[in-house]
Each structure stands twice: as structure tokens, then as C-alpha cells.
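Heads up: the structure comes next, in C-alpha cells.
Residue numbers (the numbering used here), protein chains in the order written: chain A, 1034 to 1444; chain B, 1034 to 1444.
Here it is as C-alpha cells:
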């Protein structure tokens, strides 16, 4: 015998978007060492952890240093103190309730949105919005749920739901039958949202077609407008068809601290081929207890602390800071006459490139003429061509400077 | 269409070993509220984090609270400060060197030993020692690499390599061809080890048969005897055929803190069906960058601190404490005339049950007559029948009390 690799891995495109962005930015900087490049490409936060979080985090580390308060292996699903805080603070105010064992704490929404496909059979058809967060696509390619990538930049076997200015970034229902639909709203990368009515269309589709919605709500904390659902569970019937992913990465600046959670309602039941009725909650619990060993105890205490009054106050200040940046970016582009989206309920601004300029060309113009690094929309999928994403995570000063420079350009 | 679950999940046995152990212990306690039960079943540490670790951990949390020292997304593969510390302290003293990008930091050896099978094709035959840490088996069942469980307690399609007192707990080479071999030495659950010569037999087998060894060295820190390899890379040629898993869980009491690492040498090359030569290092890097987002920054700083002089001193005190318990358990059983294994280079003692008493019966006797909770060997696989595992992680006082009680029993 000869050991065989998982050949699906070879189908993945090797040049990863952000690697190429970094390469071009570094090359420009090397050739122009005197230029001050402002990076507004990657979606990483910059504000430090809130004081309340730091204190709770340290206190829990101190606990780990004493026999009587030491914590060894915790529950793979997370501690109930955090599960309870999430239910009480994130969902009860929306009129939604869960049992503790419907909340799974993890070390990241990337991990959860990447791993969730394991509990589904290989023979499901998946749909993604286009443009899209690459993890949804790549993890299904790696699992063998697709064919190779085609000339149009789409993987064979995946159903793409375009979100462009032509449809106001609201995906249409799939025309062909699909089993699993990934939705991310507020959207990465477009920054646009769905209204309750628009999200209801998808929930009803899933109910009527025995499909499942994987709802990524990682950017929920940026929602400012009314009628934008904070959770898919605000939509009647969603508990029977939807799994929701949430994260502290953006909410509380946890990108380097690592904590997230996923809701898998016990109401989601699927009939197996042997007629056994199986709860997705049981399958995800099996996945997590077999392949995961829980989140660091001090990190869970740190996450819990954001639900205190002072913790809320502090993280909201940080979010307001980013929202102000987003507004500035958005309004600067609009003033320049470019069609601009997102940036209201989202840290992402999605700008239409000037006529005749494609995503990478626009990226190069901003890099070379304004020394600002964005992310080419085409990197997020075929329907992202002709757009560019800027993020609101830099400082006010840098954001203002970047938009001043860009505003001086003429297209 | 109707969404389909991953039906391989239904093949997994539902009653998990430690759940049943807990259930019986709790039932006994409820019926006998005055009894003082001593738990020596689960492999979880009890000593608090070392002072040096607590300080480094807190200092890094403090860094996260300031703009100029804040850390957002880190490298998915881990920070180079920790990769470098691992190479310098764990491998160079053994005469083994690695590049930084051969060391992948993760949140647990359970995660890594569970996820590693993803990078291999479904059509590989795997071999495991028997008894075995259930994660190796279950994750392959969930991936579809096996048939259902058979009446003998083995999964169809997996090759089991018995480790019993008949072969001195040294597995024989598989008689049928296999592609991937899981080895864990010092072994969980038997506590026994392989000599360099014995491990060389497996490395040579892998080289000659184009097989891969997945070597779990999670208990390496308990090795006290000469000629017991600390790493599989001490064996010539292993860098071409072996992946090694290590963890801070036992080494530094990180079971609740979560940090581990996996070595995937760039020398391991496999030819794909299209003749492309693929490095497993690239595949694992792809897996980790797509489905993982790195370990919490303060946790990585905490792990790094154990490599300071003071850190080493402190964690070695804890390990010596556990080793002393293991010795006491081992010697007490030997004095009782029971065949007893492990407990020298391992926190696990593996005791042969008295004649005519099976694993669960012996478990019940210890629970009911000595109020001591162990783990029935049969829970680790068919060849574990007739054995019971006790762990060295309780306090000296409790361990001594437990062995005093057991010593008074007659079999």
C-alpha cells in the first residue's frame, strides 16, 4: 500500500488573496521606502482589549495559579457561565431563548464555519453568496463536495448567488435545488445587510425545501439601523432550519484572544437514510467532544466580562470608533461620485471601481497614487470583480489621511 | 432536495467511556452520601499553573490592553517566538533540528490528532494499537474510513495491533498492509513505552511500505528511563515518515489553558495520482490556515515561559509530584501480587484484574469496596479487557489513602 493524500486539497487555489495583497504592498514599500502606506485591507481590529476585559482575563489567570481555583479540562462545549451570559444578553433581548446546550463556545467563527460542514453528508449541494468569505467555499472543496474551479472562477458543483449593485446586494433564491445555504449578514465583504423581510424569504425557502441555513453573524455588533435582524432567530421558524455563528473578534477585539460561539438549535431534525431522526445539535456535540477540547478558561472569563455594564460601555466605545471611520470612508467615496455600499451597519465599505478599471487595477491605483492598501473585490469571488473593499479598523487619523489622499485622485 | 447528514457519525458508539464512569460514581455517591470517593480515573492535572507561567500569561494580557502592544490576528501556525523556543528546547538537545514552519502551534493535541486525518485520502487503511486513545479511531470513523463496529468491539476496516502482557505491550507490525499507523508512547492507557530499537522497527516499516506514522508524544515529559525515545525524530529516517504531536497539557498543566504543537516535517513527500509530489507540511498548513485562526496570544506567551530556567524548575517539580504518585500506585499493586504496568515513564498505571474479574467488575469492586474510581481498560478497546487504569494526578494524600484502602482488599 502507499499512503494517499486528500486530493481535494489540490483543487484549492494556491495564491491566497491576502498573501497577494501583502506581496504587492511590500514590493511597493521596498521600491518607495519614503512612502507612508496606510493599510485598510485586512479585517483586523486595532483597539486594545477593554479595561474590564483585561481585568477579568487576569483575574482568571490568577485563579489558574492556585490549587483551590485551578481549572483543568473544561467542558468541550464551554462553561455554563458564558453560555448563560450569551443567552441572557444576546438572545433574550430579541425575544429568543435557548437551552444552555444549544450554545457551543469555540476558539473562532472561522473554525466553526469551517468545521460545520463535517456533520453533513458529502452528497449535499451548497450555495454561497458571491462575493463570499473564502472559508465557506474552500472547506467544502477540501471535503470533496465540489469539482475543480472553472474558468469563470467558480467551483463546479457550488451554486453561487450573486450580490451586486444590480440586485441591491440581496441574493435571489437559488434556481437549482440546494441543501445548504451559507449567508453572512451584515455581509463580508460588501458590508450590506438584509431586512427581516428579505431574510424571511430564505428561512421560508429552507423550511419548504428541507434545506439548512448556515448564518454567519460575525458582524452583528455593527448594526445601527432598525429592521436589520441581529440574529436569524428573529425570523419565525428559523430555529428549525438555521445554525448561527457569532464571534467576539469584532465585538470585543478578540481577534488575537480567540473566542466565538455557535448556536445549534435542538429543533433542527434530519431524517437519516435508516429513518432515524437525528438532531444536528447531537452531531455537532459529537464533533466538538471528539475533536475539540474547549476554550481556555481565562479567555471564557474575559468574554463573560463584556456583559457587565462597564464592559458593555467600553466595547461600545470601540465599536463607535470603527463606525465613525466607516462613515468617513463611505461618505468620502460618495462625494467623489463613486457608487459606494456598506459602511453603515458594517466595518466594511464596498466601492464600485471607476468605469473601465477592474478590482486589481483599482487596488494598484490606490496603492501607488494614494499609498492606501485595500482588498480587490475579485478576490472574494467572480461577482466581486469591479469592486474594492476598505475596512474601518485603522485609526481615525490614518483613515482621514487615507481618504484625503484618495479624494485628490481623479478617475 | 433534502439535506443529508454525515451518516458516518451514526456509527460511533454513544455511551462514552468517561460518561459511564461518571454515572456509576455519581450513583454510588448518591446512595452512599457519607463515603469519601477518590477519583483516579480521568487524566486531568490538578497542580495549578507554575508561578512563572502565571506571570508571563498576565503580562501578555496586559499587553493586549494597550494600543502599542495589542495583538490582533496572529499567524495561524503560531508565533515564531514559541516555534523557536520549541525547536531550541525540545528538539535541539536531542540532536534534531526543524525549520520554524515545520512547527504548528495549536489549542490541543486532541484537536490535532483528531484533525490530521483530514489531509489524507478516505481510501487509506489505518492501524491503531489496542487499547487506544479513542480519538484516533472515532475521527476516522466519522470521516468514513471504516465500516460499522463489529461484535468483537472493533471497527470494520481498522487494523488493531494488540498491546497486552503477552507481548510486553509492544505492538507487532501489522500483518495486513496499512497506510497510516497511530502510535502513542509513553502509551495512553497502558503507561508502557517503546525502546529506540522497538520504535525503529516501525519507522523502518513506514519507510519500506510508504506508510505514515502519527506519533502522539503527549506524555513525553514523564519519561525517566534511559533508552526511551522522547521524540520519534530520534529514530533515523523518521523525518520522512512521521508526524509528531506534543502538548503542554501534562507538561505544564495546560489542560484548561489549551496549547499544543505538531511537527510536520517538510521531508514527508507523497506522490498524488496526477504524479504531483506533495508535501504533507503544505497540506497541514492549508488545513490550519483555512480552518483555524491561531492560539490566543497570551496563551502562547504563557507556554513560552516554561522554557525559562525558573519555568523549567517549577514545572519539573509538578511532574516529580505526579511521578511519585505513579510510583506509589504501581508499587502498591505489585505488593498485592497484581500484575502492574506503566507508572514509571507515565502518569498511568495499568493493572491486570484478578483472575475471573473483568474490567468493569474490577471497577465496581474498587468503587464499592475502596471508594476509588479508576477507568475500566475495556473502554479503550478489546485488548484492554482485563485491565484497569489509574492515574497519578490526584494529591499525594488522596493517592496514599486510595492505595491504603485498596491494599486492604483481598481478591
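For every residue, glycine included, the Cβ atom is placed at its ideal position computed from N, Cα and C.
| Check | Outcome |
| --- | --- |
| Which of helix, strand or coil DSSP assigns to residue 1397 (chain B) | helix |
| Anticipated Cβ contact below 8 Å, residue 1255 (chain B) with residue 1380 (chain B), distance rounded | 6 Å |
| Chain-ordered neighbours of residue 1099 (chain A) on chain B, where CB pairs are closer than 7 Å | 1081 |
| Reference residue 1333 (chain A); option with closest CA among A:1090, A:1434, A:1035, A:1200 | A:1090 |
| Beta-carbon proximity list for residue 1229 (chain B), same chain, < 7 Å, skipping 5 on both sides | 1260, 1262, 1267, 1268 |
| Interface positions of the stretch 1103-1117 of chain A facing chain B (Cβ-Cβ less than 7 Å), listed along the chain | 1103, 1104, 1105, 1106, 1107 |
| Nearest-angstrom beta carbon gap, residue 1162 (chain A) and residue 1192 (chain A) [assumed within contact, 8 Å] | Not quite, the Cβ-Cβ distance comes to about 10 Å (not below 8 Å), so this is no contact. |
| Cβ-Cβ distance between residue 1121 (chain B) and residue 1140 (chain A) below 7 Å | no |
| Residues within the stretch 1302-1326 of chain A neighbouring chain B, beta-carbon criterion of under 9 Å | 1303, 1304, 1305, 1306, 1307, 1309, 1311, 1313, 1315, 1316, 1319, 1320, 1322, 1323, 1324, 1325, 1326 |
| Where residue 1106 (chain B) sits in the DSSP three-state scheme | coil |
| Length of the line joining the Cα atoms of residue 1132 (chain A) and residue 1358 (chain A) | 38 Å |
| Euclidean distance between Cα positions of residue 1426 (chain A) and residue 1077 (chain A) | 7 Å |
| Three-state class that DSSP yields for residue 1254 (chain A) in the structure shown | helix |
| Beta carbon proximity, residue 1040 (chain B) to chain A, threshold 7 Å | yes |
| Contact under 7 Å by Cβ, residue 1147 (chain A) with residue 1168 (chain A) | yes |
| Residue 1339 (chain A) - DSSP class collapsed to helix/strand/coil | coil |
| Under 8 Å from the C-beta of residue 1087 (chain B): neighbouring residues of chain A | 1094, 1095, 1097, 1098 |
| Collapsed DSSP secondary structure at residue 1233 (chain B) in the structure displayed | helix |
| Beta-bridge partners of residue 1409 (chain B), as assigned by DSSP | B:1421 |
| Under 9 Å from the C-beta of residue 1356 (chain A): neighbouring residues of chain B | Going along chain B, no residue has its Cβ under 9 Å from residue 1356 (chain A), so there is no contact; the nearest lies around 18 Å. |
| Chain A contacts made by the stretch 1134-1153 of chain B, where a contact means CB separation under 7 Å | 1140, 1141, 1143, 1144, 1147, 1148, 1151, 1152, 1153 |
| Per-residue contacts from residue 1077 (chain B) into chain A (C-beta, under 7 Å) | 1105, 1106 |
| Contacting residues, own chain, Cβ-Cβ under 7 Å from residue 1396 (chain A) (five flanking each side not counted) | 1407, 1409, 1421 |
| Any 3 or more C-beta pairs closer than 8 Å across the stretch 1213-1230 of chain B and the stretch 1195-1203 of chain B | yes |
| CB contact check: residue 1157 (chain B) to chain A, cutoff 7 Å | yes |
| Contact under 7 Å by Cβ, residue 1371 (chain A) with residue 1402 (chain A) | no |
| Span of the beta strand (DSSP E) around residue 1195 (chain B) | 1192-1195 |
| Cβ distance (whole Å) where residue 1265 (chain B) is taken to contact residue 1214 (chain B) below 8 Å | That belief does not hold up - the Cβ atoms of residue 1265 (chain B) and residue 1214 (chain B) are roughly 11 Å apart, past 8 Å. |
| C-alpha gap between residue 1367 (chain B) and residue 1375 (chain B), whole angstroms | 12 Å |
| Where residue 1084 (chain A) meets chain B, residues with beta-carbon distance less than 9 Å | 1098 |
| Residue 1119 (chain A) - DSSP class collapsed to helix/strand/coil | helix |
| Terminal residues of the beta strand (DSSP E) in which residue 1166 (chain A) lies | Neither: residue 1166 (chain A) is in no beta strand (DSSP E) and is coded neither H nor E. |
| Supposed contact pair residue 1151 (chain B) and residue 1039 (chain A) - C-beta distance, whole angstroms, cut 8 Å | 6 Å |
| Residue 1035 (chain B): CB within 6 Å of a non-hydrogen atom of the ligand NAD | This structure lacks the ligand NAD; in fact it carries no ligand of any kind. |
| Neighbour list for residue 1270 (chain A) in chain B, Cβ cutoff strictly below 8 Å | Those do not exist, as residue 1270 (chain A) stays about 15 Å from chain B at its closest Cβ, beyond 8 Å. |
| Exposed unless 16 or more other CB atoms sit within 10 angstroms - verdict on residue 1137 (chain A) | buried |
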